[in-house]
Amino acid sequence: MTLKFGLALMNDFPPGVVPAARVSMLREQVRAAEEAGISSVWVLQHYLGSMPTLQPIPLLAALAQDAGEMRLGTNMFILPLRHPVDVAEDFATLDHLTGGRAVAGFGMGYRENEFASFGVPMDERVSRYEESIAIIRSLWSGETTSFSGRHFSLDDQRISLRPVQDAGPPIWVGAGPHKTGAHRAARLGDAWIVPPHVDPERLAVVLGHYRDERSRLGRGPSELVVRRELLLDPDPDRARALGIEARGALTRKYAEYNAPQQGEAYKHLSTDKAAEEVADASYLFTDPAGAVAALSELEARGLTYVVLRAQWYDLEQDRVLRTLELFKNEVLPHFR
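If you use the working numbering, the sequence shown corresponds to residues 73 to 408, in order.
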């Protein structure tokens with residue numbers, strides 16, 4: 073299977089930035105990604121944060137015309153905060169607006185202020201998530217749905233707008249890089265997006281858990297997906313310095329909120345030194361040759377899809393476009 077790539081756009085901006093002024097830049101990045109041979113574009117979701125954030129569903133709809141044949145996905149949509157009927161209808165609408173190219177990346181969320189403001193207890197995240205996916209899949213099938221759960225109930229209801237894709241948009245699960253997360257993704261999702269800070273050795277372990285569980289459940293193989301941060305420059309030292317500076321600024325901003333879990337999996341949120349160690353182990357802040365080597369290692373480990381993010385915090389547009397140009401000319405040809 074040929075290694076495929078996605079581009080995660082920056083849709084959360086530094087305080088003081090007016091996102092309306094950045095929409096044309098996002099369109100430019102999407103067109104550059106399409107020209108570079110990238111297969112999909114992705115945007116994230118947060119509520120009530122310190123960084124102005126464009127919400128994913130309307131943003132992806134706005135970018136669909138620029139995306140050509142690329143898929144458009146959420147990485148991640150915070151599923152437990154929303155009613156599954158609303159989510160099913162929204163993603164069905166997105167699937168029509170994108171011509172059947174939507175991907176539903178569903179995460180559980182972790183910020184306490186978001187859950188408190190929505191009136192959703194944090195300890196209900198998992199059960200709400202699992203009930204929601206069951207309801208959404210049933211509605212997308214077009215069949216009459218009845219459901220009686222702890223949080224949600226439906227009585228002989230049918231969606232009025234079936235998605236373009238037969239079974240609805242594929243559901244790519246966001247879950248922590250541990251055995252429990254791997255098993256949840258294997259059971260509920262069509263793929264699992266592994267977070268970007270997981271180093272290659274740990275990645276092999278958690279993907280083993282994921283593969284084993286899918287096999288046990290008789291679900292068969294799926295895309296094996298990991299996120300990676302990417303900044304390319306002919307000078308690898310300059311790429312490393314620029315990437316660590318920009319990604320570090322974003323990490324510090326995210327660290328103002330509670331981390332989804334403590335310990336080894338989130339050590340990149342602890343200190344600047346730890347963040348540099350994670351960058352050196354897992355991120356692609358390097359020259360094109362270094363990126364080819366790192367991506368080839370991921371491919372050798374069985375990965376089939378890498379979602380790349382090339383902009384963080386105040387990194388300039390020109391630098392993002394230079395990274396995409398180098399990726400198109402000097403990296404992607406090695407995987408075609």
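Using N, Cα and C, we set each Cβ at its ideal position, and we do this for glycine too.
Which value, in whole angstroms, describes the spacing of the CA atoms of residue i and residue j?
| i | j | result |
| --- | --- | --- |
| G145 | L211 | 19 Å |
| G362 | E141 | 29 Å |
| G214 | A139 | 28 Å |
| I150 | I129 | 12 Å |
| P293 | S287 | 8 Å |
| P268 | R173 | 24 Å |
| Y385 | V115 | 14 Å |
| V403 | F224 | 47 Å |
| L279 | E371 | 13 Å |
| S199 | P360 | 43 Å |
| E388 | A346 | 25 Å |
| E203 | G221 | 7 Å |
| Q137 | V270 | 33 Å |
| R183 | T323 | 14 Å |
| A321 | L131 | 24 Å |
| D238 | S354 | 36 Å |
| P241 | D167 | 7 Å |
| D390 | L226 | 50 Å |
| R103 | P152 | 32 Å |
Which two residues bound the contiguous alpha helix (DSSP H) that contains residue i?
| i | result |
| --- | --- |
| R259 | K251 to L260 |
| S225 | First-last for S225: S225 to Q229, but that is the beta strand (DSSP E), not the alpha helix (DSSP H). |
| Y201 | R197 to W212 |
| V283 | Per the sequence shown, residue 283 should be read as Arg rather than Val. That run of the alpha helix (DSSP H) goes P272 to L289. |
| V95 | V95 to E107 |
| E186 | E184 to F190 |
For residue i, is the classification buried or exposed, using 16 other Cβ atoms within 10 angstroms of its Cβ as the cut-off for buried?
| i | result |
| --- | --- |
| H155 | exposed |
| G290 | exposed |
| L120 | exposed |
| R312 | buried |
| R143 | buried |
| S232 | exposed |
| T216 | exposed |
| N83 | buried |
| A258 | buried |
| A351 | buried |
| Q334 | At Q334, the pLDDT of 48 sits below 50, so the modelled position is not reliable; the number obtained from the coordinates is stated separately. Q334 is exposed by the Cβ-count criterion. |
| E336 | Per-residue confidence for E336 stands at a pLDDT of 49, beneath the threshold of 50, marking its modelled position as unreliable; the derived number appears in the next sentence. With fewer than 16 other Cβ atoms within 10 Å, it is exposed. |
| Q117 | buried |
| V266 | buried |
| N401 | exposed |
| R230 | exposed |
Could you spell out the range, first to last residue, of the beta strand (DSSP E) harbouring residue i?
| i | result |
| --- | --- |
| G177 | A174 to G179 |
| K76 | K76 to A80 |
| V113 | S112 to V115 |
| T358 | L356 to T358 |
| R324 | Run containing R324: none in the beta strand (DSSP E); it sits in the alpha helix (DSSP H), P308 to Y326. |
| S218 | T217 to S220 |
Between the Cα of residue i and those of the options, spot the shortest distance and give me the residue it belongs to.
| i | options | result |
| --- | --- | --- |
| K76 | Q389, L367, D390 and Q383 | L367 |
| Y201 | I243, R234, Y355 and R373 | I243 |
| D228 | F219, V236 and R234 | F219 |
| S96 | A105, L135 and R381 | L135 |
| P272 | A188, A263, L98 and P249 | P249 |
| A160 | K251, L153 and I207 | I207 |
| V245 | Q237, R234 and D262 | D262 |
| T358 | R310, Q383, A321 and R373 | R310 |
| P124 | G88, D167 and Q137 | G88 |
| G253 | R234, L275, L126 and L81 | L275 |
| R381 | E369, A365 and L356 | L356 |
| E100 | L81, V90, P86 and F85 | L81 |
| Q383 | E285, V277, A318 and W264 | A318 |
Compare the C-beta of residue i against all C-beta atoms of chain B and say whether one is closer than 7 Å.
| i | result |
| --- | --- |
| G214 | Given the protein chain composition of this structure (a single chain), no chain B is represented. |
message: Taking contact to mean 3 or more Cβ pairs, one atom from each stretch, closer than 8 Å, check whether the segment 188–196 and the segment 164–180 are in contact.
response: no
task: Would you check if the segment 295–310 and the segment 361–378 touch, i.e. whether three or more CB-CB distances between them fall below 8 Å?
output: yes
- prompt: Counting Cβ pairs closer than 8 Å, one from the segment 98–118 and one from the segment 163–171, do we hit at least three?
  reply: no
field: Validate contact between the segment 301–321 and the segment 386–398 using beta carbons, cut 8 Å, 3 pairs
entry: yes
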